[in-house]
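K.L.:
Number of protein chains: 2
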Amino acid sequence: MDQQDQWVPAMPGLAARARDAARALARSTTDARNAALRHAARALRERQDEILAANARDLAHSTTTAAFRDRLTLTPARIEAMAVGLEDVAVLPDPVGRVLAEWTRPNGLRFRRIAMPVGVIGMIYESRPNVGADAAGLCIKSGNAVVLRGGSESLHSARAIHAAMVAGLRAAELPEASVQIAPDADRRHVADMLAASGQIDLIIPRGGKSLVERVQREARVPVLSHAEGLCHTYVHAAADPDMARGLVVNAKMRRTGICGATETLLIDATVAPSLLPVIVADLAARGCAFRADARARAIVPGLPAASVADFATEWLDAVLSIAVVDGVDDALAHIVRHGSAHTEAIVTDDAEAAARFLNGTDSAVVMWNASTQFCDGGEFGFGAEIGIATGRLHARGPVGLEQLTTYRYEVIGTGQQRP
Amino acid sequence: MDQQDQWVPAMPGLAARARDAARALARSTTDARNAALRHAARALRERQDEILAANARDLAHSTTTAAFRDRLTLTPARIEAMAVGLEDVAVLPDPVGRVLAEWTRPNGLRFRRIAMPVGVIGMIYESRPNVGADAAGLCIKSGNAVVLRGGSESLHSARAIHAAMVAGLRAAELPEASVQIAPDADRRHVADMLAASGQIDLIIPRGGKSLVERVQREARVPVLSHAEGLCHTYVHAAADPDMARGLVVNAKMRRTGICGATETLLIDATVAPSLLPVIVADLAARGCAFRADARARAIVPGLPAASVADFATEWLDAVLSIAVVDGVDDALAHIVRHGSAHTEAIVTDDAEAAARFLNGTDSAVVMWNASTQFCDGGEFGFGAEIGIATGRLHARGPVGLEQLTTYRYEVIGTGQQRP
Numbered sequence: 047m048d049q050q051d052q053w054v055p056a057m058p059g060l061a062a063r064a065r066d067a068a069r070a071l072a073r074s075t076t077d078a079r080n081a082a083l084r085h086a087a088r089a090l091r092e093r094q095d096e097i098l099a100a101n102a103r104d105l106a107h108s109t110t111t112a113a114f115r116d117r118l119t120l121t122p123a124r125i126e127a128m129a130v131g132l133e134d135v136a137v138l139p140d141p142v143g144r145v146l147a148e149w150t151r152p153n154g155l156r157f158r159r160i161a162m163p164v165g166v167i168g169m170i171y172e173s174r175p176n177v178g179a180d181a182a183g184l185c186i187k188s189g190n191a192v193v194l195r196g197g198s199e200s201l202h203s204a205r206a207i208h209a210a211m212v213a214g215l216r217a218a219e220l221p222e223a224s225v226q227i228a229p230d231a232d233r234r235h236v237a238d239m240l241a242a243s244g245q246i247d248l249i250i251p252r253g254g255k256s257l258v259e260r261v262q263r264e265a266r267v268p269v270l271s272h273a274e275g276l277c278h279t280y281v282h283a284a285a286d287p288d289m290a291r292g293l294v295v296n297a298k299m300r301r302t303g304i305c306g307a308t309e310t311l312l313i314d315a316t317v318a319p320s321l322l323p324v325i326v327a328d329l330a331a332r333g334c335a336f337r338a339d340a341r342a343r344a345i346v347p348g349l350p351a352a353s354v355a356d357f358a359t360e361w362l363d364a365v366l367s368i369a370v371v372d373g374v375d376d377a378l379a380h381i382v383r384h385g386s387a388h389t390e391a392i393v394t395d396d397a398e399a400a401a402r403f404l405n406g407t408d409s410a411v412v413m414w415n416a417s418t419q420f421c422d423g424g425e426f427g428f429g430a431e432i433g434i435a436t437g438r439l440h441a442r443g444p445v446g447l448e449q450l451t452t453y454r455y456e457v458i459g460t461g462q463q464r465p
Numbered sequence: 047m048d049q050q051d052q053w054v055p056a057m058p059g060l061a062a063r064a065r066d067a068a069r070a071l072a073r074s075t076t077d078a079r080n081a082a083l084r085h086a087a088r089a090l091r092e093r094q095d096e097i098l099a100a101n102a103r104d105l106a107h108s109t110t111t112a113a114f115r116d117r118l119t120l121t122p123a124r125i126e127a128m129a130v131g132l133e134d135v136a137v138l139p140d141p142v143g144r145v146l147a148e149w150t151r152p153n154g155l156r157f158r159r160i161a162m163p164v165g166v167i168g169m170i171y172e173s174r175p176n177v178g179a180d181a182a183g184l185c186i187k188s189g190n191a192v193v194l195r196g197g198s199e200s201l202h203s204a205r206a207i208h209a210a211m212v213a214g215l216r217a218a219e220l221p222e223a224s225v226q227i228a229p230d231a232d233r234r235h236v237a238d239m240l241a242a243s244g245q246i247d248l249i250i251p252r253g254g255k256s257l258v259e260r261v262q263r264e265a266r267v268p269v270l271s272h273a274e275g276l277c278h279t280y281v282h283a284a285a286d287p288d289m290a291r292g293l294v295v296n297a298k299m300r301r302t303g304i305c306g307a308t309e310t311l312l313i314d315a316t317v318a319p320s321l322l323p324v325i326v327a328d329l330a331a332r333g334c335a336f337r338a339d340a341r342a343r344a345i346v347p348g349l350p351a352a353s354v355a356d357f358a359t360e361w362l363d364a365v366l367s368i369a370v371v372d373g374v375d376d377a378l379a380h381i382v383r384h385g386s387a388h389t390e391a392i393v394t395d396d397a398e399a400a401a402r403f404l405n406g407t408d409s410a411v412v413m414w415n416a417s418t419q420f421c422d423g424g425e426f427g428f429g430a431e432i433g434i435a436t437g438r439l440h441a442r443g444p445v446g447l448e449q450l451t452t453y454r455y456e457v458i459g460t461g462q463q464r465p
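Sequence lines, in order, name chains C and Z. Residue 465, in the working numbering, is where the first sequence stops; the numbers in between run on with no holes. Residue 465, in the working numbering, is where the second sequence stops; the numbers in between run on with no holes.
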């Protein structure tokens with residue numbers, strides 16, 4: 047309690063410096079921002095030993111699972127990957143200053159909608175220290191200042207990476223306050239960031255469901271995020287059977303732990319008797335387990351029964367929920383009831399059914415005859431992504447450089463007065 | 047207190063019905079939505095007597111100022127204007143289904159970013175009953191369901207207008223729950239709407255600063271709004287003197303009560319001695335009062351002194367704050383310190399100075415040689431607006447039909463699996 051009373055929040059000062067830096071970044075040249083990224087990449091490489099030493103300190107205090115330690119661990123290869131990532135972002139097109147629309151009114155006024163940085167981004171992430179470098183790189187490139195708050199377990203690693211980013215900014219003569227980091231591991235910094243309405247313009251959380259849900263619940267600042275990716279692949283009556291088999295296996299099993307992995311298979315009752323047994327066999331041969339509804343179990347005896355909760359579960363593992371449905375509307379009803387508005391796919395040769403499906407979900411990404419695992423900024427051609435958003439405003443789907451911008455209207459006249 | 051304990055919130059039920067309606071609206075045809083608007087216009091005209099009677103009940107209970115009563119009062123002409131407004135929206139292009147971007151990746155996947163409705167809009171407004179019809183019209187057109195909450199003083203008027211909108215939906219065979227209204231004047235409905243995260247997708251407040259600031263402060267739902275329009279006109283050293291005189295008079299005096307009215311004149315020290323006296327004389331002749339800084343008062347003796355607070359005041363009246371500045375950066379510093387990120391204008395013949403100014407504010411709208419009074423959806427060519435936004439995400443400036451949409455990605459393949 048005493049400690050609580052004595053809490054001197056760091057965020058107002060950090061955010062105010064970030065605001066000033068953001069204004070300078072917004073006016074900076076593309077070349078200066080790209081130079082900062084390249085200098086930061088060099089600094090990461092030059093400071094490899096310091097970064098590894100900092101990481102070793104974090105690991106020494108880490109007492110959790112092997113998987114957690116793996117995410118926390120930095121290696122020379124992982125540091126090099128961070129550096130290459132920054133250099134890759136440096137060669138992407140500048141998202142700032144794009145003319146998004148222009149038109150002229152009958153009175154001669156010319157209107158232009160111009161992309162500009164959002165301002166100050168708050169990045170809240172967990173154990174993987176590379177997220178700090180990746181996020182800072184995308185923010186610098188898009189002219190945004192960023193306040194980083196990594197997991198308390200990765201504090202020393204995050205600080206060492208932050209120092210390299212600042213060295214890059216300094217070398218490019220951009221404000222060092224463009225990338226800042228919470229000063230210590232106190233969890234109250236997170237609460238302060240979430241409450242920093244007017245100081246931080248946008249919060250992006252990267253991490254597990256519980257972190258993201260906390261941010262969504264508590265933030266008084268706009269958030270771009272997804273809490274989970276409960277993605278569906280729907281095999282329609284008019285699906286090409288071979289395509290359906292290949293897509294379901296890829297969508298479920300290519301990587302089971304990513305948010306774009308399919309968690310539930312919906313299959314039309316008309317084709318399930320012929321197709322579901324071979325799909326199940328394909329997947330079982332690759333080690334997949336199943337949770338199936340009664341209609342699916344009537345077709346493939348021996349499948350474990352699914353509970354209603356199973357259809358609302360993001361497995362992130364080699365497990366597939368299966369339901370037999372009666373056409374597009376039934377599939378859509380299942381998706382609306384159980385889905386997370388992330389990514390859904392239909393497999394069909396029927397263009398009309400596909401159109402009805404694509405237009406019928408609330409989801410950020412809908413696919414026709416493609417694997418849900420393609421929901422990724424790189425696969426979209428964005429070059430890099432800072433996260434994936436399933437909300438309804440500003441940006442949805444992969445959040446890349448363009449999605450880190452907002453816009454202003456420029457109205458250019460010759461002295462027009464409004465009548 | 048007992049009453050508080052017994053509160054049975056209406057919002058969850060309203061919002062759930064609105065969600066279902068929104069899904070149906072999102073799939074409805076352009077023709078059906080336009081038909082609903084035209085039928086609603088006819089219903090407003092046919093129900094003129096009922097609407098006026100309802101309005102008379104509201105006026106009978108109204109005990110406030112003449113200005114308030116004027117805003118609350120409906121007349122046959124005002125009802126006709128609402129009906130024409132709906133018909134005007136019916137002929138605008140459909141914002142839903144626009145292809146915002148499309149591209150193909152080397153693997154053959156085709157990507158399309160498609161405009162879709164946001165979902166469920168919450169509209170919180172004050173005394174002017176026509177806002178309900180205007181907002182409902184824009185929401186129906188853009189495929190959004192809307193929950194209306196007007197001022198408690200206009201409850202009967204709002205209900206009568208709502209009934210006409212529902213009649214329009216019914217005649218077009220669209221869900222009646224697409225437009226709903228808070229069931230009574232209880233203020234707790236506002237709090238419930240602001241807390242309806244996940245049920246209402248977007249809140250738009252229309253009204254005075256205190257209403258908008260309350261919504262901004264308390265909402266757990268994204269908000270598009272502006273609390274005030276503290277707009278600046280900056281007369282640069284290279285301004286055409288006649289243009290500057292004309293623009294300042296128009297920007298300040300055309301209508302003093304709108305959010306795009308200029309509240310502060312910034313003028314460069316190099317031209318102030320010659321230009322400020324005539325600008326002041328122009329404005330004084332039209333009844334404008336002044337609050338001037340020391341440098342302005344040294345040039346035009348007798349001007350009343352401005353306090354710092356005056357430069358942060360949205361007068362919405364025939365009052366102008368005046369400050370003398372030293373070039374573009376000084377003007378920008380004043381705007382960043384005191385402005386509301388709404389609309390700012392520079393008057394200059396120097397393209398380089400203009401570019402620096404246009405790129406240097408945080409504001410939603412920046413103008414060059416034009417009157418700030420042009421910040422209006424109609425003047426932008428949007429056909430109609432539901433409000434003006436000064437936040438940084440999703441939409442800024444006038445909020446028209448396009449700004450009431452979000453997007454989804456459609457990814458169209460031929461069986462592509464992710465390697």
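For each residue, glycine too, the CB sits at the ideal point set by N, CA and C.
1) Between the region 313 to 325 of chain Z and the region 273 to 281 of chain Z, can you find at least three pairs of beta-carbon atoms closer than 8 Å?
2) Apart from the five residues on each side of it in sequence, which residues of its chain come closer than 6 Å, Cβ to Cβ, to Z/Trp361?
3) Leaving aside the five residues before and after C/Ala399 along the sequence, list all residues of the same chain whose C-beta is less than 6 Å from its C-beta, in chain order.
4) Assuming C/Leu71 and Z/Leu439 make a contact with CB atoms under 8 Å, what is their CB distance in whole Å?
5) Please name the residue, chosen from Z/Ala89, Z/Arg341, Z/Ala387, Z/Pro350, that lies closest to Z/His208 on a Cα-to-Cα basis.
6) Within 10 Å of its beta-carbon, does C/Lys298 have 16 or more other beta-carbons around it, so buried, or fewer, so exposed?
7) For a contact defined as C-beta to C-beta under 8 Å, what are the partners of Z/Asp247 on chain C?
8) For the ligand SAH, I want to know if C/Leu439 counts as a neighbour, meaning its beta carbon is within less than 7 Å of at least one of the ligand's heavy atoms.
9) What is the residue span of the beta strand (DSSP E) that Z/Pro163 lies within?
10) Taking a Cβ distance cut-off of 7 Å, strictly less, list which residues of the region 214 to 235 of chain C are near chain Z, in chain order.
11) Could you list the residues in the region 141 to 166 of chain C with a C-beta less than 7 Å from some C-beta on chain Z, going in chain order?
12) C/Ala67 lies in the alpha helix (DSSP H); which residues open and close that run?
13) Between Z/Gly406 and chain C, is there a C-beta pair that is closer than 8 Å?
14) By the three-class DSSP mapping on this structure, what secondary structure does Z/Glu148 have?
15) Closest to C/Ala56 by C-alpha separation, out of C/Arg234, C/Asn190, C/Ala147, would be which residue?
16) Going by beta carbon distance, what residues of the same chain come within less than 8 Å of C/Leu322, once the five residues before and after it are set aside?
17) DSSP on Z/Asp48, reduced to helix/strand/coil?
18) Counting only Cβ pairs nearer than 9 Å, list the residues of chain C close to Z/Ile458.
19) Quick one: Cα of Z/Ala307 to Cα of Z/Glu274, how far?
20) At the level of alpha carbons, what is the spacing between C/Ala335 and C/Val294?
21) Taking the alpha carbon of Z/Ala68 as the reference point, which residue from Z/Gly143, Z/Cys185, Z/Arg337 has its own alpha carbon closest?
22) Kindly say whether Z/Ala64, judged by its beta-carbon, lies nearer than 8 Å to any beta-carbon of chain C.
23) By DSSP, does Z/Arg88 sit in helix, in strand, or in coil?
24) Who are the neighbours of C/Tyr280 on chain Z, taking C-beta pairs under 7 Å?
25) Alpha carbon to alpha carbon, what distance is there between Z/Thr121 and Z/Leu105?
26) Between C/Met162 and C/Arg442, how many whole angstroms is the CB-CB distance? I'm expecting something under 8 Å.
27) Which chain C residues are close to Z/Ser409, counting only those with a beta carbon under 7 Å from its beta carbon?
28) For C/Pro251, go through chain Z and note every residue whose CB falls closer than 9 Å to its CB, in chain order.
29) Could you tell me whether the Cβ atoms of C/Ile227 and C/Ala204 are closer together than 8 Å?
30) Quick one: measure Cβ to Cβ for Z/Val145 and Z/Lys187, integer angstroms, because I've assumed they're closer than 8 Å.
31) Per DSSP, what are the beta-bridge partners of C/Met169 in this structure?
32) Please work out which residues of its chain come closer than 8 Å, Cβ to Cβ, to Z/Ala338, disregarding the five sequence neighbours upstream and downstream, and give them in chain order.
33) Any Cβ of chain C within less than 8 Å of the Cβ of Z/Glu390?
34) Identify every run of the beta strand (DSSP E) within the region 261 to 287 of chain Z, keeping only runs that are complete inside it and at least 3 residues long; order them along the chain.
P.N.:
For this structure:
1) Using a Cβ-Cβ distance cut-off of 8 Å, the region 273 to 281 of chain Z and the region 313 to 325 of chain Z are in contact, since at least three pairs of beta carbons, one from each stretch, lie closer than that value.
2) Looking up residue 361 of chain Z in the second sequence gives position 315. Same-chain partners within the cutoff: Glu309.
3) Here residue 399 of chain C is taken as the residue at index 353 of the first sequence, counted from 1. Counting only Cβ-Cβ distances below 6 Å, and skipping sequence neighbours, we find His282, Val374.
4) The residue labelled residue 71 of chain C in the question sits at position 25 within the first sequence. The residue labelled residue 439 of chain Z in the question sits at position 393 within the second sequence. Their Cβ separation, rounded to whole angstroms, is 18 Å, which puts C/Leu71 and Z/Leu439 out of contact at 8 Å.
5) Start at 1 with the first residue of the second sequence, and residue 208 of chain Z comes out as number 162. Distances from the CA of Z/His208 to each of Z/Ala89, Z/Arg341, Z/Ala387, Z/Pro350 were compared; the closest alpha carbon is that of Z/Ala89.
6) Within the first sequence, the letter at position 252 stands for residue 298 of chain C. Flag for C/Lys298 reads buried.
7) Sequence index remark: in the second sequence, residue 247 of chain Z carries index 201 (1-based). Result: Arg438, Leu439.
8) Among the components modelled here there is no ligand, and therefore nothing to report on the ligand SAH.
9) Against the second sequence, residue 163 of chain Z aligns to sequence position 117. First-last of the beta strand (DSSP E) with Z/Pro163: 156 to 163.
10) none
11) Across the region 141 to 166 of chain C, CB contacts with chain Z closer than 7 Å involve Trp149, Arg151, Leu155, Phe157, Val164, Gly165, in sequence order along the chain.
12) Position 21 of the first sequence, counted from the start, is the residue given in the question as residue 67 of chain C. Secondary structure note for C/Ala67: its alpha helix (DSSP H) is the uninterrupted segment 57 to 73.
13) Working through the second sequence from its first residue, we reach residue 406 of chain Z at position 360. So yes, Z/Gly406 belongs to the interface.
14) Position 102 of the second sequence, counted from the first residue, corresponds to residue 148 of chain Z. Note: Z/Glu148 maps to strand in three-state DSSP.
15) In the first sequence, the residue the question calls residue 56 of chain C occupies position 10. Just measuring C-alpha positions, the residue of C/Arg234, C/Asn190, C/Ala147 sitting nearest C/Ala56 is C/Arg234.
16) Looking up residue 322 of chain C in the first sequence gives position 276. Excluding sequence neighbours, C/Leu322 sits near Ile313, Ala342, Ile345, Val346, Ile368, Val370.
17) Residue 48 of chain Z sits at position 2 when you count from the first residue of the second sequence. Note that Z/Asp48 has pLDDT 47, beneath the 50 cutoff, so the model's placement of it is unreliable and the number below is only indicative. Helix, per DSSP.
18) Translated into the one-based positions of the second sequence, residue 458 of chain Z becomes position 412. The contacting residues are Ala400, Leu404, Met413, Trp414, Asn415, Ala416.
19) Working through the second sequence from its first residue, we reach residue 307 of chain Z at position 261. Working through the second sequence from its first residue, we reach residue 274 of chain Z at position 228. Cα-Cα distance, rounded: 11 Å.
20) Counting from 1 along the first sequence, the entry for residue 335 of chain C is found at position 289. Counting from 1 along the first sequence, the entry for residue 294 of chain C is found at position 248. About 14 Å.
21) Here residue 68 of chain Z refers to the residue found at position 22 of the second sequence. Among Z/Gly143, Z/Cys185, Z/Arg337, the Cα nearest to that of Z/Ala68 is on Z/Cys185.
22) Working through the second sequence from its first residue, we reach residue 64 of chain Z at position 18. Not closer than 8 Å to any Cβ of chain C, the Cβ of Z/Ala64 fails to qualify, so no.
23) Here residue 88 of chain Z corresponds to residue number 42 of the second sequence, with the count starting at 1. Z/Arg88 falls in the helix class under three-state DSSP.
24) To locate residue 280 of chain C, count along the first sequence from 1; it is residue 234. Within 7 Å Cβ-Cβ: nothing; C/Tyr280 doesn't reach chain Z, min ~14 Å.
25) Position 59 of the second sequence holds residue 105 of chain Z. Position 75 of the second sequence holds residue 121 of chain Z. Approximately 12 Å between the Cα atoms of the pair.
26) Looking up residue 162 of chain C in the first sequence gives position 116. Looking up residue 442 of chain C in the first sequence gives position 396. Cβ-Cβ separation between C/Met162 and C/Arg442: approximately 20 Å, too far for a contact (criterion under 8 Å).
27) Taking the second sequence and counting its residues from 1, the one referred to as residue 409 of chain Z is at position 363. Correct list: Arg454.
28) As a working mapping, residue 251 of chain C is identified with position 205 in the first sequence. Residues of chain Z passing the Cβ test: none, with the nearest at roughly 16 Å.
29) Within the first sequence, the letter at position 181 stands for residue 227 of chain C. Within the first sequence, the letter at position 158 stands for residue 204 of chain C. Closer than 8 Å, so yes.
30) Stepping through the second sequence from its first residue, residue 145 of chain Z is reached at position 99. Stepping through the second sequence from its first residue, residue 187 of chain Z is reached at position 141. Not quite, the Cβ-Cβ distance comes to about 19 Å (not below 8 Å), so this is no contact.
31) Looking up residue 169 of chain C in the first sequence gives position 123. Note: C/Met169 sits in a beta bridge opposite C/Leu194, C/Ile250.
32) As a first step, residue 338 of chain Z is located in the second sequence; it is residue number 292 there, counting from the start. Same-chain partners within the cutoff: Val346, Leu349, Pro350, Ala351, Ala352, Ser367, Ile368, Ala369.
33) Stepping through the second sequence from its first residue, residue 390 of chain Z is reached at position 344. So, not an interface residue.
34) 277 to 281
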